[in-house]
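J.: These protein sequence lines are chains A and B, in that order. All residue numbers for the first sequence refer to UniProt numbering, where the first residue is 1 and numbers rise by one. All residue numbers for the second sequence refer to UniProt numbering, where the first residue is 1 and numbers rise by one. By construction, the Cβ of each residue, glycine as well, lies at the ideal position given by its N, Cα and C atoms.
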Amino acid sequence: MSAVAASTVDASLFALCLRLGDSALILSQRLGAWCGHGPALEEDIALTNTALDLLGQARLWLSLAGEVEGAGRDEDALAYWRDDREFRNLLITEQPNGDYAQTMVRQFLFDAWHRLVLERLGEHHDSRVAAIAAKAHKEVLYHLRRSADWVVRLGDGTEESHARTQATLDLLWPHAGEMFLIDEIDGEGLRADWDAQVDAVLADATLCRPASTWAQQGSGQGRHTEHLSRLLAEMQVVARAHPGAHW
Amino acid sequence: MVAARPAVETVWQWLSAVLDPEIPVISVVELGIVREVAWREESLVVTVTPTYSGCPATEVISADIEGALRAHGIEQVRIETRLAPAWTTDWLAEPAREKLRAFGIAPPGRRDPPLSPTGPTQRPGRVLDIRSLDAEAAPVCPHCGSAHTRLVSGFGSTPCKSAHVCNDCLEPFERFKCH
Numbered sequence: 001m002s003a004v005a006a007s008t009v010d011a012s013l014f015a016l017c018l019r020l021g022d023s024a025l026i027l028s029q030r031l032g033a034w035c036g037h038g039p040a041l042e043e044d045i046a047l048t049n050t051a052l053d054l055l056g057q058a059r060l061w062l063s064l065a066g067e068v069e070g071a072g073r074d075e076d077a078l079a080y081w082r083d084d085r086e087f088r089n090l091l092i093t094e095q096p097n098g099d100y101a102q103t104m105v106r107q108f109l110f111d112a113w114h115r116l117v118l119e120r121l122g123e124h125h126d127s128r129v130a131a132i133a134a135k136a137h138k139e140v141l142y143h144l145r146r147s148a149d150w151v152v153r154l155g156d157g158t159e160e161s162h163a164r165t166q167a168t169l170d171l172l173w174p175h176a177g178e179m180f181l182i183d184e185i186d187g188e189g190l191r192a193d194w195d196a197q198v199d200a201v202l203a204d205a206t207l208c209r210p211a212s213t214w215a216q217q218g219s220g221q222g223r224h225t226e227h228l229s230r231l232l233a234e235m236q237v238v239a240r241a242h243p244g245a246h247w
Numbered sequence: 001m002v003a004a005r006p007a008v009e010t011v012w013q014w015l016s017a018v019l020d021p022e023i024p025v026i027s028v029v030e031l032g033i034v035r036e037v038a039w040r041e042e043s044l045v046v047t048v049t050p051t052y053s054g055c056p057a058t059e060v061i062s063a064d065i066e067g068a069l070r071a072h073g074i075e076q077v078r079i080e081t082r083l084a085p086a087w088t089t090d091w092l093a094e095p096a097r098e099k100l101r102a103f104g105i106a107p108p109g110r111r112d113p114p115l116s117p118t119g120p121t122q123r124p125g126r127v128l129d130i131r132s133l134d135a136e137a138a139p140v141c142p143h144c145g146s147a148h149t150r151l152v153s154g155f156g157s158t159p160c161k162s163a164h165v166c167n168d169c170l171e172p173f174e175r176f177k178c179h
């Protein structure tokens with residue numbers, strides 16, 4: 001393999017690891033903000049368990065990204081010392097927690113995608129990618145079961161919970177399309193499988209699938225919504241105020 | 001030339017005394033996370049497979065293993081992490097299941113068919129219907145033995161456990177999730 005071809009492969013692998021690692025990291029940070037604020041003890045524990053799984057997955061992806069890049073950056077350097085324009089997380093993962101419907105619909109739309117992507121990456125030709133994907137996939141099945149349950153519970157709940165869940169679905173929907181437009185992931189069939197999963201749950205939840213197919217894009221080039229900068233400010237402040245600190 | 005380099009069988013026995021920090025009735029060997037013990041030149045290399053990606057006990061376990069081996073006089077210990085095949089509760093030793101029950105934690109069900117301890121991780125069938133993903137039968141209450149129990153939450157006090165309540169004795173309990 002020529003040097004040029006090899007570096008293209010590395011760049012593509014690096015981009016893939018950042019996509020998955022950053023998405024897991026940012027969603028983990030969002031869910032972590034619920035710690036101590038969950039509507040019930042079990043919910044508090046479930047949200048933070050999910051956050052913990054995603055954080056563990058983010059560490060694996062970002063460590064591999066650093067290894068592939070070969071520039072001496074480890075998981076911490078990538079998490080704490082990049083600015084918003086260098087992050088490659090999907091836009092949906094940085095959206096605010098809002099009310100419980102917003103947190104759970106965001107989780108469900110992402111989980112349904114995450115599960116399918118990890119299933120496919122389990123067959124990836126790079127054994128390191130396949131290993132992380134296979135491991136993460138097992139954990140994501142729990143996340144998906146739970147978020148799907150909540151979408152049904154809230155959508156098919158009271159008039160108030162139904163209205164708020166439909167409103168949040170309409171709000172987040174434009175951020176869903178971007179999940180299928182990732183250069184490094186073959187979107188072939190992914191969208192159809194995702195639609196089948198999501199439509200079945202939305203039907204159970206008595207929710208209407210938004211008609212618009214317009215997709216907000218930009219995270220692949222580091223163009224994010226305004227929410228990411230503030231999230232990063234909070235996540236990175238201690239590491240940046242005390243560079244290299246240990247405890 | 002090292003005169004008293006212990007056999008790996010001996011090391012396995014020592015590791016059988018290293019307990020899981022979160023569930024201190026089962027050892028790291030019974031948990032199925034120690035995948036290999038081998039001498040590489042002058043270093044003893046212990047290969048460990050993590051349970052859950054974000055399990056905070058993973059680093060404690062590595063430190064405990066290292067500490068135990070040093071206490072047995074081994075100076076050069078290296079802990080290596082192996083992700084594939086992914087850990088599964090099918091690797092839990094049979095006696096460990098009974099110990100979990102006695103400790104008040106319902107043991108995990110078995111996958112059907114069981115996953116091979118050495119082979120590639122078996123990929124689950126492509127089930128697109130999310131509702132049919134939840135196939136695990138209700139656990140038996142570890143306190144009173146009743147099969148009449150209900151799930152409270154799929155997430156318990158640690159990533160590996162779920163929360164349940166017994167409908168008969170009314171006691172809450174945790175289950176080690178089938179993973």
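Check this for me: beta carbons of A/R115 and A/L141, under 8 angstroms apart or not?
T.: Yes, they are a contact pair.
J.: If A/A58 and A/S28 are in contact, beta carbons under 8 angstroms, what's the gap, nearest whole angstrom?
T.: That belief holds up - the Cβ atoms of A/A58 and A/S28 are roughly 6 angstroms apart, short of 8 angstroms.
J.: Would you mind listing the alpha helix (DSSP H) stretches within the region 59-127 of chain A that are 4+ residues and don't spill past its ends, in chain order?
T.: You should have 75-80, 91-94, 100-121.
J.: With distances taken from CA atoms, which of B/K161, B/S162, B/C178, B/R78 is nearest B/A38?
T.: Per the Cα distances, B/R78.
J.: The alpha helix (DSSP H) that contains A/L172, what's its start and end?
T.: Per DSSP, A/L172 belongs to the alpha helix (DSSP H) from 159-172.
J.: Counting only Cβ pairs nearer than 7 angstroms, list the residues of chain B close to A/G55.
T.: According to the sequence as given, residue 55 of chain A is Leu; it is not Gly. The answer, in chain order, is G54.
J.: Look at the Cβ atom of A/Q216, then the Cβ atom of A/E178, and state whether they are nearer than 8 angstroms.
T.: Cβ atoms of A/Q216 and A/E178: closer than 8 angstroms.
J.: When burial is assigned at 16 or more other CB atoms within 10 Å of the CB, is A/S63 buried or exposed?
T.: It counts as buried.
J.: I need the DSSP call for B/T47, collapsed to helix, strand or coil.
T.: Looking at B/T47 - three-state DSSP - the assignment turns out to be strand.
J.: So, using beta-carbon positions, are B/T10 and B/I33 closer together than 8 angstroms?
T.: No. Outside cutoff.
J.: Which residues, in order along the region 69-93 of chain B, keep a beta-carbon less than 9 angstroms from a beta-carbon of chain A?
T.: Per Cβ criterion, the list reads R82, L83, A84, P85, A86, W87, T88.
J.: Name the residues in the region 140-170 of chain B whose C-beta lies less than 9 angstroms from a C-beta of chain A; which are they?
T.: Correct list: V152, S153, G154, F155, G156, S157, T158, P159, S162, A163.
J.: Counting contacts by CB-CB distance shorter than 8 angstroms, is B/L15 in contact with chain A?
T.: No, B/L15 does not count as interfacial toward chain A.
J.: Along chain B, which residues have their Cβ under 8 angstroms away from the Cβ of A/A130?
T.: Here the neighbours are A84.
J.: Please work out which residues of its chain come closer than 7 angstroms, Cβ to Cβ, to B/R123, disregarding the five sequence neighbours upstream and downstream, and give them in chain order.
T.: Confidence is the limiting factor: at B/R123 the pLDDT is only 47, short of 50, which leaves the residue's position unreliable, though a coordinate-based value still follows. Nothing listed; no residue qualifies.
J.: Using a threshold of 8 angstroms, state whether the C-beta atoms of A/A101 and A/V198 are closer than that.
T.: No, they are not a contact pair.
J.: Using only the alpha-carbon positions, how far apart do A/R230 and A/V238 sit?
T.: If you take the alpha carbons of A/R230 and A/V238, they lie about 14 angstroms apart.
J.: Going along the chain, which residues of the region 136-154 of chain A sit with their C-beta nearer than 7 angstroms to a C-beta in chain B?
T.: So the close ones are A136, K138, E139, L141, Y142, L144, R145, R146, A148.
J.: Under 8 angstroms by Cβ, that's how I've got B/H150 and B/V140 pegged, so tell me the actual separation to the nearest angstrom.
T.: For the record, residue 150 of chain B in the displayed sequence is Arg; it is not His. With 8 angstroms as the limit, B/R150 and B/V140 do not qualify as a contact, their Cβ atoms being about 13 angstroms apart.
J.: What residue range is occupied by the uninterrupted beta strand (DSSP E) comprising B/W39?
T.: Looking at the DSSP string, the run of the beta strand (DSSP E) that includes B/W39 is 34-40.
J.: Please tell me whether B/L128 has its Cβ less than 8 angstroms away from any Cβ of chain A.
T.: So yes, B/L128 belongs to the interface.
J.: Check B/V18 in the structure and name its three-state DSSP category.
T.: If DSSP states are grouped into helix, strand and coil, B/V18 belongs with coil.
J.: Should B/A84 and B/L31 be called a contact, given that it needs their Cβ atoms to be closer than 8 angstroms?
T.: Result no, Cβ atoms of B/A84 and B/L31 do not sit closer than 8 angstroms.
J.: Are the beta-carbon atoms belonging to B/K177 and B/I105 less than 8 angstroms from one another?
T.: Result no, Cβ atoms of B/K177 and B/I105 do not sit closer than 8 angstroms.
J.: Would you mind giving the Cβ-Cβ distance between A/H137 and A/E119, rounded to the nearest angstrom? I have them listed as a contact below 8 angstroms.
T.: That pair is a contact at about 6 angstroms.
J.: Please report the residue range of the alpha helix (DSSP H) in which A/E188 lies.
T.: Per DSSP, A/E188 belongs to no alpha helix (DSSP H) and is neither H nor E.
J.: Report all residues from its chain with a CB closer than 7 angstroms to the CB of A/D22; omit the five preceding and five following residues, and keep chain order.
T.: If we look at A/D22 and ignore the five residues flanking it on each side, its Cβ neighbours are F87, R88, N89.
J.: Which chain B residues sit within Cβ distance under 9 angstroms of A/A200?
T.: L128, D129, I130, R131, listed in chain order.
J.: Less than 8 angstroms between the beta carbons of B/C144 and B/D168, yes or no?
T.: Yes.
J.: Note down, in chain order, each residue of its chain lying with its Cβ closer than 8 angstroms to the Cβ of B/R82, except the 5 sequence neighbours on either side.
T.: Closer than 8 angstroms at the Cβ level, and outside the excluded window around B/R82, lie R35, E36, T47, V48, T49.
J.: So which of A/L228, A/A245, A/H246 has the shortest CA-CA distance to A/R82?
T.: Taking only the C-alpha atoms, the option nearest A/R82 is A/L228.
J.: By a C-beta neighbour count over all protein chains shown, 10 Å radius and 16 as the cutoff for buried, is B/T121 buried or exposed?
T.: Residue placement at B/T121 cannot be trusted, given a pLDDT of 46 that sits under 50; what the coordinates show is reported in the next sentence. With 16 or more Cβ atoms within 10 Å of its Cβ, B/T121 is classed as buried.
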